[in-house]
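Residue numbers (the working numbering): 15 to 857. Reading through the structure tokens given below for one structure.
Next comes the structure, spelled out in structure tokens:
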């Protein structure tokens, strides 16, 4: 039993209490002039400093240019503006195209046919055809839609597709030829389901592994991006030709995110690259010239900034450089509502972005007002007609080259191509070649195929964890093995390899056994995430269960092999010390058998495949997480860039320091009450009818004066929830309070406040949920639910913003307020992605 006192860690520390003001809200002064820098670093590019590239002549051949010019001349201004607006399928219906002549749709990370992320491939095909038919039926100039999707490690949106390793693993394999074949396979699987365009290749050069998108980059060193950009582009698109469009089964690509998204300060997503122009050129330009030379049809501008100036509004980057020395002739698309972050802009209106060089605005849910405002800006001259014509010309050119004006689509609907044997074999090869051997003491690897092998760790039989973020859903959460009918978990691959050779493999997630095995393989690592939720403050691997399992096995005299799944290098020195062998497997995807190919040898214990992967990211010596990149001053990694042992060339790894180098608490902006604990620095405060703030304490009933009381209750585990009883004797509140955090980026990504709840006594009057100053009414929701049943709910952050919350300064991410009698239990309060399962109650 765990005591209530230890479980209910809600009393705030004395230093934090001393910071609390007497009122409900903490007063916060604006920064004084002395706290802000008067000098603005330069964010203007100088074209003479940049290298040269050029889109192939076949992109703008005379026949294409003549066709586009003639079509453009027949288009109305309304039709032209429509080409510059892109809507998400979650916010637009085919019939809307009869009124709004949009040029593009996309399926965002949590968008799917009918809002069902597990929709069949046939439903994806039907959706594409419905939108195309609607676009073809509208009056006026006949311009087809271009339909984009994030196929960033295979066609990761559709059940049954081949899921390749994420880019961090592909970078470790250093095989440009294989990259090209992965691009071809991805393109075919996307084309089968009706989409025309993927938002890739990702050419970020991550320089801070705390960034939640580090796994989307091939390497910390641009040499790998330079080597991979052209093969991936050609794999996706094929080679551009002057006399024909892309071949069936190929799709348009989009090099992203231009520029320096991987250079974001302190690993904050959508952040700021604080550096020189030469740094942009030498490091972050990376693979873009090669992608342009290979004919990439579009470029996606980055959310991020350069010295405080957002790229989506930086004309010197988007126009002067990209259209000047880089010679790009395709079109530029913005990222998800990125235009709304520019000065003077909102999600509904932003002439600045188009005038700076954005040709197509990704406006997933604000496409209607953005279309209207952009049309008005053109008619008033704020956006010059010449600039509109230039943008539309580029979009039409790409549509011609992508083959969108031809009616036949010979591969569309051939869903047997999804997860085909050939594609799975390709992914399995990529897994094999991406594995990096960090340690192999005593030659424990390879394992003799006839051995008795214990496979431990919750991740061993979890394809979703091996696939990571951007898999079926944006954050990659909520997936089970049933969602990957054409895949194998790491456990399945190990089991088959051992069993087929007469050995015996046993799965025990907790590492316990009855018959002592010859060797144990423990699979563990990060759980899925994407941007926002993936940003972390240090690289310490926090879960303790894997280390406990490793130590227990070691104490039993069992040789142990750790297979570490992660989207970045992390500090796991204690786990390395407790293991005889350690393999960095990154995020391998659906072909877990590729791990077994290398770890399990033949019947004599000889390798079937040797390790080929070498680190494309430096491995940290401590958990601090400060940038660690080859060539930078003070470079001192645990395992250097390019490190990787092999069976043919072994080496010994000494005992590593277990001093993490991390001290003190860190701020947490996405988890508030988890596993029965308030996550530091967040605490619970109660405000009773007397108007006093007080730290929450364990009580069995309301105080004599009334107000609100709290006590622990069981949910997913013992005392993992808290029950709040409002007496009805006057207004009372219970709030989670802490140091203010900025949630504007999370709101832009349509994330939500998520929590579990149980109605223990139905409300007799209003009960409100607040985040910051924004408040919504939960009364109807609670009254509609049966008593004593746990439920989950997600309330979009944008709802609180619309209700008055200042999301740039949130010190109260969760607050319940009522003057009526009501008892409700709460658990697992955190931010979560919108997977078409959110609500927005009325204020």
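We put the CB at the ideal spot given by N, CA and C, even for glycine. Predicted, not measured: the structure shown is a model, and the values here were computed from it.
According to DSSP, residue i sits in a beta bridge with which residue or residues?
i	result
residue 924	Coverage of the chain is limited to positions 15 through 857, which leaves residue 924 absent and any answer about it impossible.
residue 375	99
residue 754	Its beta-bridge partners do not exist; DSSP assigns none.
residue 737	725 and 839
residue 539	579
residue 770	806 and 841
residue 88	Paired residues: none, contrary to the question.
residue 120	102 and 162
Where do the N-terminal and C-terminal ends of the beta strand (DSSP E) with residue i fall, by residue?
i	result
residue 685	685-688
residue 453	450-454
residue 520	518-521
residue 831	828-832
residue 314	312-315
Could you tell me the boundaries of the alpha helix (DSSP H) in which residue i lies?
i	result
residue 194	190-206
residue 479	477-481
residue 361	Premise fails: residue 361 is in no alpha helix (DSSP H) and is neither H nor E.
residue 796	793-798
residue 240	236-251
residue 370	365-370
In three-state terms, what does DSSP make of residue i?
i	result
residue 853	strand
residue 342	coil
residue 157	coil
residue 814	helix
residue 107	coil
residue 765	coil
residue 397	coil
residue 749	strand
residue 759	helix
residue 381	helix
residue 565	helix
residue 177	strand
residue 286	strand
residue 629	coil
residue 414	helix
residue 624	coil
residue 138	helix
residue 847	coil
residue 507	helix
residue 168	strand
residue 302	helix
residue 227	coil
residue 308	coil
Under 9 Å between the Cβ atoms of residue i and residue j?
i	j	result
residue 172	residue 135	yes
residue 860	residue 355	The structure shown does not extend to residue 860, since the chain spans only 15 to 857, so no value can be given for it.
residue 601	residue 629	no
residue 62	residue 111	no
residue 282	residue 549	yes
residue 778	residue 836	yes
residue 481	residue 211	no
residue 318	residue 286	yes
residue 488	residue 848	yes
residue 595	residue 574	yes
residue 346	residue 64	no
residue 452	residue 633	yes
residue 309	residue 70	yes
residue 824	residue 783	no
residue 214	residue 157	no
residue 104	residue 161	no
Let me see if you follow: with CB-CB separation under 9 Å, is residue i close to chain C or not?
i	result
residue 570	Absence of chain C from the displayed structure is noted, only one protein chain being present.
Subject >> Contact the segment 437-457 vs the segment 184-193: 3+ CB pairs below 8 Å >> reply: Touching, yes.
**OP:** Spell out a yes or no on whether the segment 414-422 and the segment 244-263 are touching, meaning 3 or more CB-CB pairs, one atom from each, closer than 8 Å.
**Re:** Cβ pair count under 8 Å is three or more, so yes.
**OP:** Answer yes if the segment 202-209 comes into contact with the segment 509-528, meaning at least three C-beta pairs across the two stretches below 8 Å, and no otherwise.
**Re:** no
Original post:
Are the segment 452-470 and the segment 530-541 touching by the rule of at least three beta carbon pairs closer than 8 Å?
Top reply: yes
Original post:
Per the contact definition of three or more C-beta pairs closer than 8 Å, is the segment 725-732 in contact with the segment 807-814?
Top reply: no
Subject >> Any 3 or more C-beta pairs closer than 8 Å across the segment 487-502 and the segment 633-652 >> reply: no
Original post:
Does the count of Cβ pairs from the segment 272-280 and the segment 218-228 closer than 8 Å reach three?
Top reply: yes
Subject >> Touching by the beta-carbon criterion (3+ pairs, under 8 Å), the segment 744-757 and the segment 817-832 >> reply: yes
Original post:
Three or more C-beta pairs closer than 8 Å, one from the segment 239-251 and one from the segment 387-405: is that the case here?
Top reply: no
**OP:** Flag this pair as touching only if the segment 367-380 and the segment 84-103 have three or more C-beta atom pairs under 8 Å; answer yes or no.
**Re:** yes
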